[in-house]
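Student:
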Amino acid sequence: MDFKEKLKNWDKNVSDYNPWKNDKGIRLINEFLECLTKPNDEFSWIEPNRKKYKPATRYIIPTHVQGDYENAILYQCLYNPGVADSIWKLGDTGIREFIKQAKNKEDYIERMFQDYQNFSVEDVRNKIIQKDNILYQEIKLILGKFSKKPDHQSLTKFIKSECYYIKSYYKALLGEKGEGKNLLDKAVNRLLEEWDNLEKYQGLPICNLELVPFASLNKKDIKLSDVDKKITNFTVSIILKRISNYLKNGGKKPVFVFRSRKEWFERINMFINSEFGMSEPFDIENSELIDYFYEFSSQSAVLSRNNILKARRKIREDEFNSGFLSLFK
């Protein structure tokens, strides 16, 4: 049986690989919750060698998935969540003091730890694996900020300050057909035009996956070799299960856009060789999986036709329209 057939018939559930539901993950979450009420200078989300990491990496709640990972069409496969420079510079004063200081510096940290004294295990898990896609999360921020339709300048200023993913990733898809002097300008115009119907973005079939769920200022701050494969197996299994379901059930073909393609492919190859009983070492580059995979052509993360490669060639217009742009119509 070739790999495509093995994948099509793969009967494992993604939940089997969810590290936040196994004994170690639940222990970590409970340890985190305990630290919120009792002094503890030893806690770290990332293990082992926890003391070598900055407080931001050790204390900020991980972000692993954002969106409906079972049914999305467009997946952004990123290396790890970023953190603001102001948070990265905070000293190690213990987790409770760190949270207090961080909340005062950045609004997104304030939202992450809002009412943290009353967190349950499920509350924390729902922050690690979030059901709402990231674009809708930022639209909720916009709707929470403005009780009525704002002017163009006010909305632009807020997006630049608080909506990282709109300004960095989705401005091209939002503004592709709009009017304006640049992509962000076009995206803002579209959001204003659709002001009374912004709730529609809740159902947008997009999903963000992080290979490494722990926050850092730069990618190099967390080496992949230091991350347990049980952590990375979760988002790898999401990718493979989504393709498996597509092979079995049809529907719209999913697409996966990678940052840090090398690291992702390393862990995908490792997972397949371990879980699928391959007779020869599996290599994505020489498999049918490559047909689902894209990558950014520059350091920019904007999802535009000129910035996406498929198997190291520029994406065709029809591929971009069907796999990306059609989702935003």
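By our numbering, the letter at position 115 of the sequence shown is numbered 195, and the numbering carries on one by one without gaps. Where is the CB? At the ideal position from N, CA and C, for every residue including glycine.
1. Check whether the stretch 190 to 203 touches the stretch 149 to 159, taking contact to mean three or more Cβ pairs, one atom from each stretch, closer than 8 angstroms.
2. Compute the Euclidean distance between the alpha carbons of N184 and S380, then round it to the nearest angstrom.
3. Could you check where the alpha helix (DSSP H) with C115 kicks off and where it finishes?
4. Please list the terminal residues of the continuous alpha helix (DSSP H) segment that includes V268.
5. Return the Cβ separation of A136 and I175 in integer angstroms, given the expectation that the two are a contact with Cβ distance under 8 angstroms.
6. Quick check: the stretch 267 to 283 against the stretch 225 to 236, are at least 3 beta-carbon pairs closer than 8 angstroms?
7. Between which two residues does the alpha helix (DSSP H) carrying N349 extend?
8. Taking DSSP as the reference, what is the three-state secondary structure of C145?
9. Return yes when the Cβ of I388 is within less than 8 angstroms of the Cβ of L373, no when it is not.
10. Please name the residue, chosen from S324, Q217, L291, N151, that lies closest to Q282 on a Cα-to-Cα basis.
11. In terms of alpha-carbon separation, which member of R138, D203, E355, V337 lies closest to G171?
12. Three or more beta-carbon pairs under 8 angstroms between the stretch 321 to 338 and the stretch 292 to 306, yes or no?
13. Provide the residue(s) that pair with F373 in DSSP beta bridges, ordered along the chain.
14. How far does the beta strand (DSSP E) with E177 in it reach, from first residue to last?
15. Alpha carbon to alpha carbon, how far is I140 from R205?
16. Ends of the alpha helix (DSSP H) at L254?
17. Please tell me whether Q146 and C243 are closer than 8 angstroms, where the distance is taken between their beta carbons.
18. Please classify K251 as buried or exposed, where buried requires at least 16 neighbouring CB atoms within 10 angstroms.
19. Specify, as a first and last residue, the run of the alpha helix (DSSP H) that L221 falls within.
Tutor: Inspection of the coordinates gives the following:
1. As far as the Cβ criterion goes, the stretch 190 to 203 does not touch the stretch 149 to 159, which means the pair count is below three.
2. Taking C-alpha positions only, N184 is separated from S380 by approximately 29 angstroms.
3. 103 to 115 is the span of the alpha helix (DSSP H), which, as asked, contains C115.
4. It spans 263 to 273 - the alpha helix (DSSP H) in which V268 sits, taken as one unbroken run.
5. Actually they are not in contact, since the Cβ atoms of A136 and I175 sit about 11 angstroms apart, beyond 8 angstroms.
6. Yes, the stretch 225 to 236 is in contact with the stretch 267 to 283.
7. It spans 341 to 355 - the alpha helix (DSSP H) in which N349 sits, taken as one unbroken run.
8. A small correction: the amino acid at residue 145 is Val; Cys does not occupy that position in the sequence shown. The answer is strand: DSSP assigns V145 an E or B state.
9. For the sequence presented, residue 373 should be read as Phe rather than Leu. In this structure, I388 does not lie closer than 8 angstroms to F373 by Cβ.
10. Between Q282 and the set S324, Q217, L291, N151, the nearest pair of CA atoms involves Q217.
11. Checked all of R138, D203, E355, V337; the closest Cα to G171 is R138.
12. When Cβ pairs closer than 8 angstroms are counted between the two stretches, the stretch 321 to 338 is seen not to touch the stretch 292 to 306, the count staying below three.
13. Answer by DSSP bridge pairing, in chain order: F336.
14. Not the beta strand (DSSP E): E177 falls in the alpha helix (DSSP H), residues 175 to 185.
15. Looking at the two C-alpha atoms, the distance is approximately 13 angstroms.
16. Boundaries of the alpha helix (DSSP H) harbouring L254: 251 to 255, taken from the DSSP string.
17. No, these two residues do not count as a Cβ contact at 8 angstroms.
18. Flag for K251 reads buried.
19. Element bounds for L221: 214 to 225.
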